[in-house]
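Here the sequence shown is numbered in full-length UniProt numbering, starting from 1 and rising by one per residue.
Even glycine gets a Cβ: it sits at the ideal position worked out from N, Cα and C.
Note that the coordinates shown come from a computational prediction; the quantities given were computed from them, not determined experimentally.
Below is one structure; the comments refer to it alone.
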Amino acid sequence: MDDGRPIFLQIAAQLETSIIDGSLPEEAQVPSTNELAAFHRINPATAAKGVNQLVDDGVLYKKRGIGMFVSPGAQAKLRQRRKDQFGEQYLQPLLAEAAKLGIHPAELKMMIDRYLGANKEQR
Numbered sequence: 001m002d003d004g005r006p007i008f009l010q011i012a013a014q015l016e017t018s019i020i021d022g023s024l025p026e027e028a029q030v031p032s033t034n035e036l037a038a039f040h041r042i043n044p045a046t047a048a049k050g051v052n053q054l055v056d057d058g059v060l061y062k063k064r065g066i067g068m069f070v071s072p073g074a075q076a077k078l079r080q081r082r083k084d085q086f087g088e089q090y091l092q093p094l095l096a097e098a099a100k101l102g103i104h105p106a107e108l109k110m111m112i113d114r115y116l117g118a119n120k121e122q123r
């Protein structure tokens, strides 16, 4: 919990990752804000802010008196969001740099395939 981002965003990201990787499946109950706060040694209000962000995003929903649960379709929604972020964060700069260097898309694809092949051999 120290990557420079606000702690509530880190809490939300950890829950998102657990949903994406399936360790928190759809309709599963998520840890309470008090459990998250105790585990991470943070203020419960900070944990609640991270959880509430996911509620606002439609990833979690509340069952009154029971707790928070993973919404149906949350995994697909989060995967798509992360794919979009991946494109913006990694692919756009990659394509911009390739264009500066005069690397055409077909050549870039060949380079990627070559590196993928090299990584398979190392395994």
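| said: Could you compute how far the alpha carbon of N43 sits from the alpha carbon of V55? | reply: Looking at the two C-alpha atoms, the distance is approximately 19 Å.
| What's the C-alpha gap between D2 and Q14? | Straight-line Cα distance between these residues: approximately 13 Å.
| Out of Q53, A118, Q29 and L24, which has the shortest C-alpha to C-alpha gap to I11? | Q53
| message | Can you look up L60 in the DSSP assignment and give me helix, strand or coil? | response | In the three-state reduction of the DSSP assignment, L60 falls in the strand class, which pools E and B.
| Do V70 and P25 have their C-beta atoms closer together than 8 Å? | yes
| field | Own chain residues within Cβ distance below 8 Å of A47, not counting five before or after | value | Excluding five sequence positions before and after A47, the CB atoms of its chain that fall closer than 8 Å to its own CB belong to F8, I11, T33, N34, L36, A37 and H40, given in chain order.
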